[in-house]
Amino acid sequence: MPGVVTPPPTRSGQLRPGPDPTPRPPRGSSPHAVSPAVYRRRRLAVGLGLLLVVALVWWLVAGLSHRGEAVPDAAAPVAAATAASTASAAPSAPGSPAVSQAVVDDLTAAASAGTARLAQWDPVVLDASRLDALRAAVDDAAAALAEGSTASEADLAALAERVRTETAAVPEIVTSTEGPTTIGGVVIANKTFAMPASYAPGILPEVDAAWTQMQAAAWNDGVTLWIDSGFRSSADQEITYQGYVSKFSVDYADTFSSRPGHSEHQTGLALDINNAHPDFGGTAAATWLAQHAPEYGFVIRFPDGKQDVTGYKYEPWHVRYLGVDLATSLTQQGLTLEEYLNVTSRYTPDA
Ligand SMILES: [Zn+2]
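In the numbering used here, the protein residues as written are -11 to 339.
Listed below in structure tokens is the structure:
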């Protein structure tokens, strides 16, 4: 039809679009139709928003890494206390209520003493479960002193009291370079605990007095007792022990003879009665001794069936002076000294 112009088809076969009806803004202006003042305000708002997001992310990351920090162990109560005191110095920090430094210091001291007591016992303990209550108290103290703890001042004070109580329930192992080890005032000499070679007290006076009474009582019952071997010095024991080692072997000698420094005979508290030989078992003297020794403060130190605990075979002739009360109590309960004190009797591999 004349007067009607048909545009040529494009490559896609579609018609070319007509002229854009929207006028383009001048080059360099905002793509949106806003005034420069409004645009500047929007840019400021976006900038502040970004800053806020960055701050929020930083706070979250810092908080997470703080939570991930290892709780100080019981061996580092001082470090824990430092952390706790830092927390207490900033009472406004979340999760760290203000506590007085004196209470923190008190718990720190109690936990340190408890940790030291455990360190003493760990290498020599016979039944480790008897340390569980102290270990739990010390662990709880470390957690309460750790950074981020929410323990209140009353919690910390109660915990200090608990740690002290549990520490007192586990007696100190008192060692000396001049004499035997004592635990709760009781002398212990066995394969685990040795004495210096210089310690040579002879038979102690209270042991001699108790022995004299016991011997007289046995005599009155028609039983004759005598001392086969009493005090033995470290040098005496060296000769005795090496004699057995050369005759038998180290392993066999160790089942019935002590290495020098480890013999209870060196403490001045032990006696071999009549005949230090298995033949003594079953004699009238052995029967009387087993029945009456505790009345005079002595125990049969290496009972039958307790070799795993005492480290020695049954020795019905070897008595140890413990005083009447303790000797009677242990005999009635069927406890060896190792079980009572909760210690091993075991040579260290390089001993
Ligand atoms: Zn003996």
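Cβ coordinates follow ideal geometry from the N, Cα and C atoms, glycine included.
Residue i: CB within 7 Å of a non-hydrogen atom of ligand 1
i: residue 264; result: yes
i: residue 273; result: no
i: residue 260; result: yes
i: residue 333; result: no
i: residue 283; result: no
i: residue 250; result: no
i: residue 217; result: yes
i: residue 306; result: yes
i: residue 253; result: yes
Local Cβ density within 10 Å of residue i, reported as buried at 16 or more and exposed below that
i: residue 294; result: buried
i: residue 240; result: exposed
i: residue 299; result: buried
i: residue 303; result: buried
i: residue 178; result: buried
i: residue 313; result: exposed
i: residue 201; result: exposed
i: residue 88; result: exposed
i: residue 237; result: exposed
i: residue 242; result: buried
i: residue 274; result: buried
i: residue 248; result: buried
i: residue 153; result: exposed
Inter-residue Cα distance where the pair is residue i and residue j
i: residue 121; j: residue 320; result: 27 Å
i: residue 317; j: residue 229; result: 32 Å
i: residue 156; j: residue 129; result: 16 Å
i: residue 133; j: residue 96; result: 8 Å
i: residue 78; j: residue 119; result: Residue confidence is low: residue 78 scores 41 on pLDDT, short of 50, so the model does not pin down where it sits. No coordinate-derived value is stated.
i: residue 61; j: residue 181; result: Residue confidence for residue 61 is low, a pLDDT of 45 falling below 50, so the modelled location carries little weight; the figure read from the coordinates is stated next. Rounded to whole angstroms, residue 61 to residue 181 spans 29 Å at the Cα level.
i: residue 337; j: residue 289; result: 24 Å
i: residue 334; j: residue 138; result: 44 Å
i: residue 315; j: residue 257; result: 13 Å
i: residue 86; j: residue 151; result: 22 Å
i: residue 250; j: residue 223; result: 12 Å
i: residue 285; j: residue 188; result: 22 Å
i: residue 323; j: residue 176; result: 15 Å
i: residue 163; j: residue 127; result: 26 Å
i: residue 125; j: residue 309; result: 35 Å
i: residue 101; j: residue 262; result: 47 Å
i: residue 171; j: residue 160; result: 6 Å
i: residue 53; j: residue 123; result: Bear in mind that a pLDDT of 49 at residue 53, under 50, signals an unreliable position, so the model cannot answer this.
i: residue 98; j: residue 280; result: 44 Å
i: residue 292; j: residue 276; result: 16 Å
i: residue 165; j: residue 105; result: 19 Å
i: residue 107; j: residue 212; result: 47 Å
i: residue 117; j: residue 197; result: 39 Å
i: residue 226; j: residue 301; result: 20 Å
Whole-Å CB distance - residue i paired with residue j, under 8 Å assumed
i: residue 183; j: residue 173; result: Their Cβ separation, rounded to whole angstroms, is 17 Å, which puts residue 183 and residue 173 out of contact at 8 Å.
i: residue 220; j: residue 253; result: 4 Å
i: residue 144; j: residue 91; result: 5 Å
i: residue 305; j: residue 268; result: 5 Å
i: residue 307; j: residue 331; result: Not a contact, Cβ separation roughly 20 Å.
i: residue 146; j: residue 94; result: With a Cβ gap of about 11 Å, residue 146 and residue 94 do not count as contacting.
i: residue 109; j: residue 158; result: 6 Å
i: residue 232; j: residue 245; result: 5 Å
i: residue 326; j: residue 114; result: 6 Å
Identified DSSP bridge partners for residue i
i: residue 259; result: 307
i: residue 169; result: 176
i: residue 290; result: 303
i: residue 191; result: Answer is none; residue 191 lacks a bridge partner.
i: residue 112; result: Partner(s): none; residue 112 has no beta bridge.
i: residue 162; result: 170
i: residue 331; result: 113
i: residue 215; result: 261
Any non-hydrogen atom of ligand 2 within 7 Å of residue i CB
i: residue 303; result: Absence of ligand 2 is noted for the structure shown, with ligand 1 being the only ligands found.
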